[in-house]
Amino acid sequence: MEAVLQSMNLKEKVLLALKEVKDPEIPSVSILDLGMVEDVLETDGSVVIKALPTFIGCPALHIIERDIKKAASEVAGANEVKVDFVFSPSWTTDRITEEGKIRLKEFGIAPPPANHVMGEPWSIDCPYCGSSYVTMENIFGPAACRSILYCKSCKNPFEAMKPVADMN
């Protein structure tokens with residue numbers, strides 16, 4: 001592993017470190033797997049991480065910023081670390097990786113449908129039993145990015161990521 005790390009450039013090392021930064025509200029999923037990291041810029045040991053908030057006003061952004069800075073600062077060669085939250089491109093649920101979708105399901109959160117068109121109905125399968133026989137209990141879940149649903153097959157309540165598509 002040490003030889004692999006030595007062959008990596010600073011940007012690659014920072015990205016590897018960011019794989020360990022978890023969403024504070026969904027600790028099974030990294031910010032990389034949620035698609036929140038737009039870019040990592042590096043110049044002479046100065047690192048700028050461009051991050052996309054999932055929702056404007058997300059109360060966890062200050063925690064995510066702190067955790068990004070901590071993880072990137074621990075990378076050898078990263079002398080100065082800055083986090084910029086950017087809003088272009090917009091974060092969408094299509095940015096969530098396949099690994100991220102697996103981790104969401106393991107945590108009991110149904111991943112959003114792929115390639116969702118805003119305004120169209122969306123269907124979600126239960127993360128516990130896989131049934132599509134579900135009902136929306138509340139569009140407003142415990143976080144702005146999630147809704148509460150109920151599976152009529154296995155009788156479990158669960159959360160689902162709200163689908164967010166690019167409006168452009």
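Residue numbers (UniProt numbering): 1 to 168.
Glycine included, C-beta positions come from ideal geometry on N, C-alpha and C.
> If you draw a straight line from the C-alpha of Ile64 to the C-alpha of Val37, how long is it?
Replying inline: 11 Å
> Can you list, in chain order, the residues of its chain whose CB lies under 7 Å from that of Tyr150, leaving out five sequence neighbours each side?
Replying inline: Val134, Thr135, Glu137, Pro157
> How is the alpha helix (DSSP H) around Arg66 delimited, first residue to last?
Replying inline: That run of the alpha helix (DSSP H) goes 61-73.
> Which of helix, strand or coil does DSSP assign to Lys50?
Replying inline: strand
> Ends of the alpha helix (DSSP H) at Arg103?
Replying inline: 98-106
>> Using CA atoms only, rank isn't needed, just tell me which of Val14, Ser147, Ser46, Ala144 is closest to Val81.
In response: Ser46
> In terms of alpha-carbon separation, which member of Pro24, Gly57, Gly130, Val164 lies closest to Pro121?
Replying inline: Val164
>> Which of the three DSSP states is assigned to Leu149 in this structure?
In response: strand
> From Arg146, Met8, Thr54, pick the residue whose C-alpha is nearest to that of Gly108; which is it?
Replying inline: Arg146
> Cα separation between Leu10 and Leu16?
Replying inline: 10 Å
>> Taking the beta strand (DSSP E) that Ala160 belongs to, which residues open and close that run?
In response: Taken as a continuous stretch (DSSP letters only), the beta strand (DSSP E) holding Ala160 covers 157-161.
>> Would Ala110 and Ala160 qualify as a contact pair, given that the criterion is a beta-carbon distance under 7 Å?
In response: yes
> Enumerated in chain order, which unbroken segments of the beta strand (DSSP E) with a length of 3 residues or greater are wholly contained in the region 119-144?
Replying inline: 134-138
>> Which same chain residues end up closer than 6 Å to Asp39 when comparing Cβ atoms and leaving out the 5 residues on each side of it in sequence?
In response: Lys50
>> With distance defined between alpha-carbon atoms, name the residue in Ile148, Glu25, Ser132, Leu32 nearest to Glu99.
In response: Leu32
>> If I follow the unbroken beta strand (DSSP E) through Val37, where does it start and stop?
In response: 37-43
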